[in-house]
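Accompanying notes for the structure given below.
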Amino acid sequence: MRGNAWVFRGVLDVDWEICSYRTYQGLQERGMYTAEEIGKYCMVKLDPDFPKKVRKGDFIVGEFMGFGHDHDHACLSILGAGVAAVLCDTAAPYFFRNSIERGLPILELPGILDAVKQGDELELDLETGRLTNISSGVELGFEPMPPFILRKLAAGGMLPLLKAEVEAGIIPKRIK
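Quick note on numbering: the sequence shown equals residues 43 to 218 in my numbering.
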């Protein structure tokens, strides 16, 4: 994966900074609850133009990501905005899990904000465990993601993976 860094400092709450829960509820009530639609509201509390400026494949680099409730609309808004992965010092456990389940790569990389600045070009390899800041030449290593997580991410999340595995006969179909 290759894209530019969007750096956000501080505690980023799923229902406030990442994407307003009220916005999510309103979209859901109108039947407009898709990643693409909710992505139009990603990070607007911190940067009102973020959804218009972010490019497909860019990265969110944060300090304390996904704190607050365990709602998954924040992960969907990030995916819908076109973000390739979240790189952070620390992630709330529910946000981390929801991100992986929805197909959004997320990594906890302590010290990431010392290695990455706003707009830096980054290259991320989840299989080898390497993050390269192309702009500065800094390289960070991390524990590569396990194969079962990589399969889940490649499929687009847990539900698409399960559907594919049922269709391939890996998981038996249940008949009611």
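Each residue gets a CB set at the ideal place from its N, CA and C atoms; glycine is no exception.
(message) Please classify PRO152 as buried or exposed, where buried requires at least 16 neighbouring CB atoms within 10 angstroms.
(response) Along the sequence shown, read from residue 1 onward, the residue named residue 152 stands at position 110. That one is exposed.
(message) Helix, strand or coil for GLY52? Go by DSSP, reduced to three states.
(response) By 1-based counting over the sequence shown, the position of residue 52 is 10. Residue state, collapsed to three classes: strand.
(message) Which residue wins for smallest C-alpha separation from ILE120, given the options ASP131, VAL103, GLY110?
(response) As a first step, residue 120 must be located in the sequence shown, where it is residue number 78. With distances taken between Cα atoms, ILE120 lies closest to VAL103.
(message) For the structure I just gave you, are there three or more beta carbon pairs, one from the stretch 141 to 149 and one from the stretch 89 to 98, closer than 8 Å?
(response) no
(message) I'd like to know if the stretch 133 to 143 and the stretch 105 to 119 are in contact, where contact means that at least 3 CB-CB pairs between them fall below 8 Å.
(response) yes
(request) Look at the Cβ atom of PHE50, then the Cβ atom of LEU88, and state whether they are nearer than 7 Å. (result) As a working note, residue 50 is residue 8 in the sequence shown. As a working note, residue 88 is residue 46 in the sequence shown. In this structure, LEU88 lies closer than 7 Å to PHE50 by Cβ.
(request) Let me know the secondary structure DSSP gives LEU203 once reduced to three states. (result) As a first step, residue 203 is located in the sequence shown; it is residue number 161 there, counting from the start. DSSP places LEU203 in helix when its eight states are reduced to three.
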